Each structure stands twice: as C-alpha cells, then as structure tokens.
Amino acid sequence: MSADADADPAAPGRDPGLQPERTRLAWRRTTLSGTVVAVLAARTALHGGATPATVIAAALCCALWLAFLRIAHGRIRTLAATNRPRALTPPYAAAAALCTMALAVCGAFLVV
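If you count by this note's numbering, then the sequence shown holds residues 51 to 162, one letter each, in order.
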C-alpha cells in the first residue's frame with residue numbers, strides 16, 4: 051500500500067505556496083543574525099583600544115556579512131519571484147554555509 055493510500059482524506063493538504071514564504075523569512079532572520087554579529091564585532095574591535103588583529107577580524111566579519119547578505123538577498127528575490135522556485139545550487143549553499151561559519155569564527159576570535 052502506498053503512503054498516499056494511508057493518508058487521512060479528511061486531513062487538510064499541505065499548502066506548497068507557504069513554503070517559499072517561510073524559507074524567505076528564514077533567510078531574513080539569518081541575515082538579521084549576521085548583521086548583529088557584524089555590528090557586535092565592529093563594536094568589540096573598536097571598544098577599549100583597537101589592535102591590528104581586532105581591526106582585521108572586524109573587517110573580515112563585515113566582508114563575510116556582505117558576502118552572505120548578497121547570497122541571501124539573491125535567494126530572497128528568487129523565492130519571491132515565483133510560486134515554485136528552483137532549488138538553491140550547491141555552490142551558493144556552500145558559500146552561505148562557509149560565510150556563516152567563518153563569521154562565527156571571527157566573532158569568537160574577537161570575544162576571546
């Protein structure tokens with residue numbers, strides 16, 4: 051028996067139109083989190099005397115944030131353009147993940 055035959059016919063169906071909206075909102079939340087990290091990194095680097103290492107780390111945080119912002123904005127536009135957006139390609143997914151991880155590492159360097 052297939053999985054469709056086991057489904058309750060009275061249960062409401064999944065609305066595939068909401069998934070792009072939820073994904074778009076998730077990208078926005080992630081971008082906001084990255085913004086907070088970049089701002090806090092800049093504040094940490096400039097607070098209490100800036101050393102060359104902290105300035106470089108803060109500048110790297112800002113550059114990574116801008117790179118992630120570009121990837122996220124492109125994905126948000128793609129999700130808003132159509133009801134059935136194409137999947138995120140592996141290079142963009144890898145770039146977004148690397149930017150996120152590198153931003154966390156730079157932020158941790160500034161805190162320690």
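Glycine is no exception: its CB is placed at the ideal position from the N, C-alpha and C atoms. For clarity, every value in this text was computed on a predicted model and none was experimentally measured.
Helix, strand or coil for His123, going by three-state DSSP, please let me know. If DSSP states are grouped into helix, strand and coil, His123 belongs with the helices.
Roughly how many angstroms lie between the CA atoms of Ala55 and Pro70, to the nearest whole one? Low confidence applies here, because Ala55 scores a pLDDT of 47, under 50, leaving its location unreliable and the question unanswered by this model.
Under 8 angstroms between the Cβ atoms of Leu116 and Arg125? no
With 16 other CB atoms within 10 Å as the buried threshold, where does Val87 fall? buried
With a Cβ-Cβ cutoff of 8 angstroms, do Ala144 and Thr80 count as a contact? no
If you run the structure through DSSP and keep just helix, strand and coil, what is Ala100? If DSSP states are grouped into helix, strand and coil, Ala100 belongs with coil.
If you follow the alpha helix (DSSP H) that Thr150 is in, where does it begin and where does it stop? Pro140 to Val161
Count the CB pairs spanning the region 145 to 162 and the region 93 to 110 that are closer than 8 angstroms, and state whether there are at least three. yes
Would Leu68 be called buried (16 or more neighbouring beta carbons within 10 Å of its own) or exposed? exposed
Considering only residues of the same chain and omitting the five flanking positions on each side of Ala61, which have a CB-CB separation below 6 angstroms? In this prediction, Ala61 has a pLDDT of 48, which is less than 50 and means its spatial position is unreliable; nothing more can be read from the coordinates.
For the candidate residues Leu129, His97 and Cys149, whose alpha-carbon lies nearest to that of Pro141? Cys149
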